[in-house]
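Take a look at the structure set out below.
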Amino acid sequence: DMKVTQMPRYLIKRMGENVLLECGQDMSHETMYWYRQDPGLGLQLIYISYDVDSNSEGDIPKGYRVSRKKREHFSLILDSAKTNQTSVYFCASSTYEQYFGPGTRLTVL
Amino acid sequence: GDSVTQTEGLVTLTEGLPVMLNCTYQSTYSPFLFWYVQHLNEAPKLLLKSFTDNKRPEHQGFHATLHKSSSSFHLQKSSAQLSDSALYYCAPATSSGQKLVFGQGTILKVYL
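Quick mapping for you: the protein sequence lines, in order, are chains A and B.
FYI, our numbering numbers position 91 of the first sequence as 91, with every residue one higher than the one before it.
FYI, our numbering numbers position 71 of the second sequence as 180, with every residue one higher than the one before it.
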């Protein structure tokens, strides 16, 4: 059963704290993505990873960085989180169509 | 660059009426197009994708026809159900095929 997992599902942090969002997939997909979703703005691509240590900026990379050391894992890191990074974050993986994880709801106070 | 336009932010209709959600795209080539559906508090899931041989994709009563002449891939269903209430994204693939261009999406609300 093809699956994308995300941890944690819910997270509350204070402004200035570091945040680590984890994503895993069991489909051996080379390409993985991080999106954020805000009301009225749809899905916005933060980063795309084409394979291990092969990452590219998406449309809104500022304030984020990523790490991919294993094909099945893709992490999103917020160094010194800001309140405007409060959002729902989705990870996805694909060969052709994209499979999305369940999302992480991040609140930065 | 590649872009997508879903003209309606919100579509409301009564159960049993036909559904049509508009999607037009701009691309320098003929991309594959996808429709994703996202129910409340869930992840987006693939609903339909265009074919290379002009077949009309269908799933769960929904269908979409790719019209290259008008750069459109409108989503249709003959009779809306309450369970169709969700956020719908039309997404063309970029030339590399690995990135999808998501717009704001269209919220469909179906009432009794």
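Each residue gets a CB set at the ideal place from its N, CA and C atoms; glycine is no exception.
Option in the options with minimal Cα separation from residue i
i      : options                           : result
A/Y10  : A/G16, A/L21, A/M27 and A/M2      : A/L21
B/L217 : B/Y197, B/Q207, B/P201 and B/K208 : B/Y197
A/W34  : A/M27, A/K13, A/V4 and A/L109     : A/V4
A/Y89  : A/T95, A/S75 and A/T31            : A/S75
B/P201 : B/S159, B/V120 and B/T123         : B/S159
A/K70  : A/Y50, A/K62, A/D59 and A/T86     : A/Y50
A/K82  : A/C23, A/V66, A/G24 and A/K62     : A/K62
A/L45  : B/V219, B/G212 and B/Y220         : B/G212
A/M2   : A/N18, A/I48 and A/A92            : A/A92
Residue i: CB within 7 Å of a non-hydrogen atom of the ligand FMN
i      : result
B/F143 : By its list of ligands, the structure shown contains no ligand whatsoever, and the ligand FMN lies outside what it can speak to.
Residue i: contacting residues in chain B (beta-carbon distance under 8 Å)
i      : result
A/P102 : E151 and A152
A/T31  : Q207
Contacts that residue i makes with chain B (C-beta to C-beta distance below 9 Å)
i     : result
A/I48 : Q207 and K208
A/F90 : A152 and P153
Partner residues on chain B for residue i, Cβ-Cβ distance less than 7 Å
i     : result
A/Q98 : L209
**OP:** With 9 Å as the limit, tell me which residues of the segment 142–167 of chain B have their beta carbon closer than that to any beta carbon of chain A; keep them in chain order.
**Re:** F143, Y145, Q147, N150, E151, A152, P153, K154, L155 and K158
**OP:** Say whether the segment 133–140 of chain B touches the segment 40–58 of chain A, bearing in mind that this needs 3 or more beta-carbon pairs closer than 8 Å, one atom from each stretch.
**Re:** no
Original post:
What alpha helix (DSSP H) runs, 4 residues minimum, are completely inside the segment 130–184 of chain B?
Top reply: none
Original post:
Is it true that the segment 112–130 of chain B meets the segment 95–107 of chain A, where meeting means three or more beta-carbon pairs spaced less than 8 Å apart?
Top reply: no
**OP:** Output, in sequence order along the chain, the residues in the segment 199–217 of chain B whose CB is closer than 8 Å to any CB in chain A.
**Re:** G206, Q207, K208, L209, F211, G212, Q213 and G214
**OP:** Inspect the CB distances between the segment 142–158 of chain B and the segment 184–196 of chain B and report whether three or more fall short of 8 Å.
**Re:** yes
Original post:
Relative to chain B, which residues along the segment 37–65 of chain A have a C-beta separation below 9 Å, given in chain order?
Top reply: Q37, G40, L41, G42, L43, Q44, L45, I48, Y50 and G58
**OP:** Note down, one range per segment and in chain order, each beta strand (DSSP E) of at least 3 residues found wholly within the segment 64–93 of chain A.
**Re:** 65–70 and 73–78
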